[in-house]
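Engineer: With the first letter of the sequence shown counted as 1, position 203 gets the number 203 in full-length UniProt numbering; the numbers rise by one all the way through.
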Amino acid sequence: MVSTAKSMLLRPLRWLLWRSPALRSRKLLQFAEVEADGGRDLVRAAELTGDARLRRLFLAHARDEERHARMFKSRGLALRAGGARRGVSLIDGMSRGEAGLDDLRVEDEDDESLLAFIHLSERTAASEFASYHAVLRHDPPTRALFERILRDEESHMRYSLNELNRVAPATARWALWKARLRRLWKAYLRVAVAVASVFSTVLLTLQYFILLPPFALAAKWAARREPRGWTVIEPRTAGGQGR
């Protein structure tokens with residue numbers, strides 16, 4: 001219920017975001033980078049796990065991520081070639097897409113915690129991609145792209161949850177809660193950094209318009225008090241030099 005209400009509230013903003021070809025191009029290229037990073041992390045996870053079944057699944061997942069990266073990049077570049085201009089928008093950050101493995105150090109995670117993070121990340125991605133698909137009726141190629149990738153994300157959700165229940169049947173639910181808390185903390189840090197950036201920009205702007213004008217006026221007033229033209233300086237006498 002909460003998720004549905006949130007989706008309905010954000011839908012106009014998402015429509016506005018994806019309405020612009022320039023923003024669509026940039027977001028798709030950003031998604032390509034995230035997918036590529038996630039694929040590299042999964043290859044590393046496959047190297048580290050001692051579970052042969054997980055190794056095979058991680059490598060298959062990594063291949064999907066690499067394919068998604070190519071698809072996102074190809075469509076993003078096509079939009080840019082079609083005249084989409086580069087730029088920065090205040091609403092650009094409202095579309096996260098898949099968060100990859102949230103900059104996890106794969107070497108520090110065991111199979112249980114990694115599967116929990118993968119499941120939550122893929123579930124978030126599936127939800128986000130479904131919402132983008134819903135507002136992209138005006139761009140059939142990009143809409144079809146999300147539809148294809150969404151099917152893979154749902155498959156990744158299922159395998160990661162099934163494997164989590166297999167490798168840690170007694171603690172799977174707790175592993176998911178821990179992963180949620182860690183993701184919430186990382187989300188809080190991202191918001192805090194964004195708010196701090198906005199606050200510092202506003203503060204510097206206020207300083208520029210509030211503190212600098214009085215100094216400029218004071219300098220102007222002092223300049224008016226100065227006599228115009230050259231000021232003759234009397235030469236110093238020899239006696240004055242000897243004092």
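Beta carbons are placed, not taken as given, at the ideal position from N, Cα and C, and that holds for glycine.
Because the structure is a prediction, the values reported are computed rather than measured.
Helix or strand or just coil, what does DSSP make of Asp37?
Structural biologist: The answer is helix: DSSP assigns Asp37 an H, G or I state.
Engineer: Please report the residue range of the alpha helix (DSSP H) in which Leu150 lies.
Structural biologist: Unbroken alpha helix (DSSP H) run through Leu150: 140 to 167.
Engineer: Which residue from Thr201, Phe117, Tyr208, Arg80 puts its Cα closest to that of Ala172?
Structural biologist: Nearest option by C-alpha distance: Phe117.
Engineer: Among Ala216, Ile149, Tyr188, Phe209, which residue has its Cα nearest to the Cα of Ala69?
Structural biologist: Measuring from the Cα of Ala69, the nearest candidate turns out to be Ile149.
Engineer: Which residues in the same chain as residue 263 place their Cβ atom closer than 7 angstroms to its Cβ, once the five residues preceding and following it in sequence are excluded?
Structural biologist: In the structure as shown, the chain begins at 1 and stops at 243. Residue 263 is therefore absent and cannot be evaluated.
Engineer: Taking 8 angstroms as the cut-off, is the CB of Glu128 close to at least one heavy atom of the ligand GDP?
Structural biologist: Absence of the ligand GDP is noted for the structure shown, with no ligands found whatsoever.
Engineer: I need the DSSP call for Arg53, collapsed to helix, strand or coil.
Structural biologist: Helix, per DSSP.
Engineer: Taking the straight line between their C-alpha atoms, what separation do you get for Pro213 and Ala196?
Structural biologist: Roughly 26 angstroms separates the two Cα atoms.
Engineer: Would you report the Cα separation of Leu16 and Pro169, rounded to the nearest angstrom?
Structural biologist: Distance between the alpha carbons of Leu16 and Pro169 is about 43 angstroms.
Engineer: So Gly76 packs on Ser131, CB below 8 angstroms; how close in whole Å?
Structural biologist: Not a contact, Cβ separation roughly 19 angstroms.
Engineer: Would you kindly work out how many angstroms separate the C-alpha atoms of Arg180 and His156, rounded to a whole number?
Structural biologist: Cα-Cα distance, rounded: 17 angstroms.
Engineer: Going by C-alpha distance, which of Glu107, Arg19, Glu33 is nearest Ala46?
Structural biologist: Of the candidates Glu107, Arg19, Glu33, the one whose C-alpha sits nearest the C-alpha of Ala46 is Glu107.
Engineer: Please confirm whether Leu29 and Phe72 have their CB atoms less than 9 angstroms apart.
Structural biologist: In contact: Leu29 and Phe72 (Cβ atoms closer than 9 angstroms).
Engineer: Look at the Cβ atom of Leu54, then the Cβ atom of Glu163, and state whether they are nearer than 9 angstroms.
Structural biologist: For Leu54 and Glu163, yes; Cβs fall inside 9 angstroms.
Engineer: Which value, in whole angstroms, describes the spacing of the CA atoms of Arg166 and Leu42?
Structural biologist: Cα to Cα, the separation comes out at about 19 angstroms.
Engineer: In three-state terms, what does DSSP make of Val202?
Structural biologist: Reduced to three states, the DSSP call for Val202 is helix.
Engineer: If you check the beta carbons only, do Glu112 and Ala175 fall under 9 angstroms apart?
Structural biologist: Yes.
Engineer: Can you grab the Cα-Cα spacing for the pair Ala194 / Leu184, in whole Å?
Structural biologist: Their backbone Cα atoms lie some 15 angstroms apart in a straight line.
Engineer: Give the single residue among Leu104, Tyr159, Arg151 whose Cα lies nearest to the Cα of Phe58.
Structural biologist: It is Tyr159 whose Cα lies nearest to the Cα of Phe58.
Engineer: Cutting at 8 angstroms between CB atoms, please list the residues of its own chain near Arg40, excluding the five before and the five after it.
Structural biologist: Ala62.
Engineer: Could one say the Cβ of Leu59 lies closer than 9 angstroms to chain B's Cβ atoms, at least one of them?
Structural biologist: Here there is only one protein chain, and chain B is not present.
Engineer: Would you call Glu65 buried or exposed, if buried means 16 or more other Cβ atoms sit within 10 Å of its Cβ?
Structural biologist: With 16 or more other Cβ atoms within 10 Å, it is buried.
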